[in-house]
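Chemist: Please read through the structure below; I'll follow up with questions.
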Amino acid sequence: MSDTKSNPAPERERRDEREIRDEQDRENARELGAAGSQLSTAPREESAANLPAMGVIGWARWFWRQLTSMRVALILLFMLSLGAIPGSLIPQNSVDELKVQTFKDAHTTVSPIYEKLQFFDVYSSVWFSAIYILLFVSLIGCIVPRTGQFVGQLRSRPPGAPRRLTRLPAYTTWRTEAEPEQVREAALAMMRKRRYRAHIAGDAVAAEKGYLREAGNLIFHIALIVMLVAFAFGQLFKSEGGKLIVEGDGFSNTQTQYDDFKSGSLFDADSLAPFSFTLDKFIGTYERSGPQIGTPRTYEAHVTYTKGAYGKPQKTVIKVNEPLVVDGTKVYLNAHGYAPVVSVKDGTGKEVYKAAVPLLPIDNNVTSTGAIKVMDGYRDKNGKKTQLGFQAFFVPTFAGDNQGTMFSQFPAADNPRLALNGYYGSLGVDSGLPQNVYQLDKSKMKEFKDSKGNQLKQRLAVGDTMKLPDGAGSVTFEGVEEWASFQISEQPASGWALTGAIAAIAGLAGSLFIQRRRIWVRAVRGADGVTVVEMAGLGRSESAKLPEELADLAVTLNAVAPTAPGPDTDPGSDSGSVEESPVEPAEGAEK
Numbered sequence: 019m020s021d022t023k024s025n026p027a028p029e030r031e032r033r034d035e036r037e038i039r040d041e042q043d044r045e046n047a048r049e050l051g052a053a054g055s056q057l058s059t060a061p062r063e064e065s066a067a068n069l070p071a072m073g074v075i076g077w078a079r080w081f082w083r084q085l086t087s088m089r090v091a092l093i094l095l096f097m098l099s100l101g102a103i104p105g106s107l108i109p110q111n112s113v114d115e116l117k118v119q120t121f122k123d124a125h126t127t128v129s130p131i132y133e134k135l136q137f138f139d140v141y142s143s144v145w146f147s148a149i150y151i152l153l154f155v156s157l158i159g160c161i162v163p164r165t166g167q168f169v170g171q172l173r174s175r176p177p178g179a180p181r182r183l184t185r186l187p188a189y190t191t192w193r194t195e196a197e198p199e200q201v202r203e204a205a206l207a208m209m210r211k212r213r214y215r216a217h218i219a220g221d222a223v224a225a226e227k228g229y230l231r232e233a234g235n236l237i238f239h240i241a242l243i244v245m246l247v248a249f250a251f252g253q254l255f256k257s258e259g260g261k262l263i264v265e266g267d268g269f270s271n272t273q274t275q276y277d278d279f280k281s282g283s284l285f286d287a288d289s290l291a292p293f294s295f296t297l298d299k300f301i302g303t304y305e306r307s308g309p310q311i312g313t314p315r316t317y318e319a320h321v322t323y324t325k326g327a328y329g330k331p332q333k334t335v336i337k338v339n340e341p342l343v344v345d346g347t348k349v350y351l352n353a354h355g356y357a358p359v360v361s362v363k364d365g366t367g368k369e370v371y372k373a374a375v376p377l378l379p380i381d382n383n384v385t386s387t388g389a390i391k392v393m394d395g396y397r398d399k400n401g402k403k404t405q406l407g408f409q410a411f412f413v414p415t416f417a418g419d420n421q422g423t424m425f426s427q428f429p430a431a432d433n434p435r436l437a438l439n440g441y442y443g444s445l446g447v448d449s450g451l452p453q454n455v456y457q458l459d460k461s462k463m464k465e466f467k468d469s470k471g472n473q474l475k476q477r478l479a480v481g482d483t484m485k486l487p488d489g490a491g492s493v494t495f496e497g498v499e500e501w502a503s504f505q506i507s508e509q510p511a512s513g514w515a516l517t518g519a520i521a522a523i524a525g526l527a528g529s530l531f532i533q534r535r536r537i538w539v540r541a542v543r544g545a546d547g548v549t550v551v552e553m554a555g556l557g558r559s560e561s562a563k564l565p566e567e568l569a570d571l572a573v574t575l576n577a578v579a580p581t582a583p584g585p586d587t588d589p590g591s592d593s594g595s596v597e598e599s600p601v602e603p604a605e606g607a608e609k
């Protein structure tokens with residue numbers, strides 16, 4: 019087997035090319051001087067050779083420079099976006115603890131893993147907070163020095179022209195009979211008219227434009243910080259709760275009035291905005307034909323609200339995505355359903371219960387289920403106190419007898435029916451343990467039986483009555499009322515977050531579409547006494563617009579300082595054309 023060796027020649031050639039390129043870059047830097055300095059405030063990346071000695075201070079400096087670099091800021095922003103994904107897909111304790119428990123019961127394998135990873139409390143988890151804080155520090159550390167540099171650039175003048183303008187990416191030259199001073203004054207006036215910052219530096223006019231690009235960069239970063247602060251402030255001081263209200267009932271904005279309530283860790287209950295409102299009526303209309311049958315057309319809650327304890331009552335309408343706003347608190351319309359009005363009489367004929375009982379919808383046609391609980395006032399035929407419970411199933415539009423279904427055919431209450439089956443005994447409400455109002459605890463209850471010994475159940479139309487066995491009383495379906503569910507939320511600093519988002523978009527647009535560029539116009543007298551005009555431009559990045567802009571400026575200046583006739587002049591040539599490749603300047607151009 020032969021011993022194969024690599025050929026070192028290509029490697030030497032590549033090394034030689036790199037050395038030549040580096041030497042050219044150094045030469046260009048020496049030639050351009052201050053004129054070729056950075057056109058942005060972004061910090062330069064340092065090579066490993068330039069790192070300080072790796073002591074404690076050296077490592078601290080290295081870590082700080084890495085943390086405040088744009089690369090790390092983008093990585094942290096990306097990680098923050100990734101971290102929000104589980105918070106969107108997995109139920110959160112801060113939003114709905116019941117859903118979290120339901121998820122745990124249904125996914126017994128992954129739930130312990132999610133628990134250890136804090137996936138049920140993503141936005142208050144250690145790892146999400148660490149990313150959040152590091153991003154915040156990174157942005158602050160990036161903005162402060164860049165702001166100082168940008169202010170310094172605004173206070174300074176554009177740098178003077180480099181010795182050889184031909185080394186710049188856009189260049190043009192011509193000869194004119196106008197005096198050099200006249201050409202420079204005309205160039206200065208032209209640049210200022212085009213909103214360049216310009217001044218005469220030696221034998222040339224130096225001009226610069228596009229500072230809003232760097233301003234856009236800074237605005238974008240500052241806006242991100244504003245959004246982060248607003249988000250953190252809102253999470254710490256927010257309050258959010260839900261309330262189900264039947265027509266005719268009301269709500270007062272105190273913590274005890276909520277059906278469920280969530281708040282930030284620094285929330286103070288005394289900071290709740292003082293107001294109240296009453297649901298006068300709910301109006302819902304639905305499409306009755308076509309492919310969108312059953313789709314809501316009108317979905318609005320008519321309310322009367324009062325600001326403060328002694329405010330004047332005012333009427334308004336709350337619609338989906340059109341909340342009632344009172345002192346920064348928003349009241350959203352969430353859902354709608356029906357509350358059958360049920361009356362219960364005991365064996366003596368005394369009415370012991372009458373109320374509109376809200377039931378929860380289970381489909382788009384508002385088929386609803388729930389429980390009716392008679393906790394006080396009822397006595398059986400022997401005069402003994404007991405409690406009653408009824409499982410309720412309600413359909414606003416019944417299909418009709420012998421149709422094979424009890425599910426609603428339409429969301430409006432066109433033909434309501436209420437199906438009940440009853441129980442007696444202890445509801446379990448006296449134990450002191452919390453209980454779901456929409457579910458019936460039958461562990462300490464017995465079924466009512468009909469004359470055949472079967473479970474007592476009956477389907478009722480409005481006005482129908484179900485007789486309880488053995489003279490235990492009766493239940494009457496009196497009518498139907500409607501309910502609406504509202505979300506009452508106060509999110510401090512939401513206006514700041516919106517302002518930050520708009521500012522971030524505006525700043526990003528400015529940093530992307532505005533180009534920072536410098537233009538120099540040199541006018542000197544040549545060896546033959548004729549004025550030589552040179553124009554050159556330098557942009558932050560390669561752009562086809564820079565040569566075009568330089569050509570336009572050259573044509574405008576050429577009108578004031580026209581090309582001088584000479585033996586080498588072609589009358590039909592374009593005297594203001596821009597040369598994008600370096601050429602030797604005209605005689606006397608560098609004096």
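Count along the sequence shown from 1, then add 18; that gives the number in the working numbering. Ideal Cβ positions, reconstructed from N, Cα and C, are used throughout, including at glycine. Everything numeric in this text was worked out from a predicted model, so none of it was measured.
Applying the criterion that 16 or more other CB atoms from any shown protein chain within 10 Å of the CB defines a buried residue, is Leu92 buried or exposed?
Modeler: exposed
Chemist: Please classify Ser257 as buried or exposed, where buried requires at least 16 other C-beta atoms within 10 Å of its C-beta.
Modeler: buried
Chemist: Between Ala66 and the rest of its own chain, which residues show a CB-CB distance below 7 Å, the 5 nearest in sequence each way excluded?
Modeler: In this prediction, Ala66 scores a pLDDT of 48, lower than 50, which makes its location untrustworthy; the coordinate-derived value is nonetheless stated afterwards. Closer than 7 Å at Cβ, skipping near neighbours: no residue.
Chemist: Is the distance from the Cβ of Glu232 to the Cβ of Tyr214 below 8 Å?
Modeler: No. Outside cutoff.
Chemist: Can you say whether Glu197 is buried or exposed, counting buried as having 16 or more other CB atoms within 10 angstroms of its CB?
Modeler: exposed
Chemist: Please classify Gly471: does DSSP put it in a helix, a strand, or coil?
Modeler: DSSP places Gly471 in coil when its eight states are reduced to three.
Chemist: Near Ile263, which residues of its chain fall below 7 Å by C-beta distance, leaving aside the five closest residues on each side in sequence?
Modeler: Phe269, Leu297, Trp501, Ala502, Phe504
Chemist: State the DSSP-derived secondary structure class of Pro180, mapped to helix, strand or coil.
Modeler: coil
Chemist: Are the CB atoms of Gly443 and Lys475 nearer to each other than 8 Å?
Modeler: Result no, Cβ atoms of Gly443 and Lys475 do not sit closer than 8 Å.
Chemist: Put Ala14 into one of helix, strand or coil per three-state DSSP.
Modeler: The question about residue 14 has no answer, for the chain in this structure spans 19 to 609.
Chemist: Does the segment 102-113 come close enough to the segment 153-163 to have 3 or more Cβ pairs within less than 8 Å?
Modeler: no
Chemist: In the DSSP output, which residue or residues are listed as bridge partners for Ile336?
Modeler: Ile336 pairs with Ala319.
Chemist: Since Ser257 sits in a beta bridge, which residues does DSSP pair it with?
Modeler: Ser281, Glu508
Chemist: Between Val321, Gly170, Ala148, Gly101, which lies nearest to Ser140 when the distance is taken from Cα to Cα?
Modeler: Contrary to the premise, residue 140 reads as Val rather than Ser in this sequence. Of Val321, Gly170, Ala148, Gly101, the residue nearest in Cα terms is Gly101.
Chemist: Which runs of the beta strand (DSSP E) spanning at least 3 residues fall entirely within the segment 358-433, listed in chain order?
Modeler: For the segment 358-433, whole beta strand (DSSP E) runs of length 3 or above, ordered along the chain, are 369-374, 386-392, 405-413.
Chemist: Within 10 Å of its beta-carbon, does Ser294 have 16 or more other beta-carbons around it, so buried, or fewer, so exposed?
Modeler: buried
Chemist: When we look at the beta-carbon of Ile301 and count the other beta-carbons within 10 Å, is it buried (16 or more) or exposed?
Modeler: When all chains shown are included, Ile301 counts as exposed.
Chemist: Thr316: buried (16+ other C-beta within 10 angstroms of its C-beta) or exposed?
Modeler: Label assigned to Thr316: exposed.
Chemist: According to the Cβ coordinates, are Trp538 and Leu246 closer than 8 Å?
Modeler: No, Cβ-Cβ distance for Trp538 and Leu246 is not below 8 Å.
Chemist: One question on the structure: do Thr86 and Leu568 come within less than 8 Å of each other, judged by their Cβ atoms?
Modeler: no
Chemist: How many Å lie between Glu369 and Asn472 at the Cα?
Modeler: 26 Å
Chemist: In terms of alpha-carbon separation, which member of Gly513, Gly555, Ala389 lies closest to Asp459?
Modeler: Ala389
Chemist: Report the residue from Gly159, Val362, Ala241, Arg181 whose alpha carbon sits nearest the alpha carbon of Gly395.
Modeler: Considering only alpha carbons, the answer is Val362.
Chemist: With a Cβ-Cβ cutoff of 8 Å, do Val550 and Glu195 count as a contact?
Modeler: no
Chemist: Please report the residue range of the alpha helix (DSSP H) in which Ala102 lies.
Modeler: 88-107
Chemist: Which residue from Leu575, Leu526, Gly544, Ala511 puts its Cα closest to that of Phe255?
Modeler: Ala511
Chemist: Candidates Ala479, Leu135, Val375: which alpha carbon is nearest Gln457's?
Modeler: The shortest C-alpha separation from Gln457 is found at Val375.
Chemist: Taking 6 Å as the limit between beta carbons, can you name the residues of its chain near Tyr350, skipping five residues before and five after?
Modeler: In chain order, Pro341, Gln505 place their CB closer than 6 Å to the CB of Tyr350, counting only its own chain and leaving out the 5 sequence neighbours on each side.
Chemist: Quick check: what's the CA-CA separation for Tyr441 versus Val359?
Modeler: Distance between the alpha carbons of Tyr441 and Val359 is about 19 Å.
Chemist: Within the same chain, show all residues whose beta-carbon is closer than 8 Å to that of Lys117, passing over the 5 residues directly before and after it, in chain order.
Modeler: Pro109
Chemist: Where do the N-terminal and C-terminal ends of the alpha helix (DSSP H) with Thr126 fall, by residue?
Modeler: That residue, Thr126, is in no alpha helix (DSSP H); it is neither H nor E in DSSP.
Chemist: Starting from Ala78, trace the beta strand (DSSP E) both ways and give me its first and last residue.
Modeler: It is not in any beta strand (DSSP E) - Ala78 instead sits in the alpha helix (DSSP H) that spans 74-85.
Chemist: Are there three or more Cβ pairs, one per stretch, closer than 8 Å when the segment 479-494 is compared with the segment 320-337?
Modeler: They do not touch, by the three-pair rule.
Chemist: Between which two residues does the alpha helix (DSSP H) holding Arg173 run?
Modeler: 144-173
Chemist: Among Ala527, Val201, Met393, Tyr276, which residue has its Cα nearest to the Cα of Ala572?
Modeler: Val201
Chemist: Are Ser386 and Gly355 close, meaning C-beta to C-beta below 8 Å?
Modeler: It is a contact, given that the beta carbons lie within the stated cut-off.
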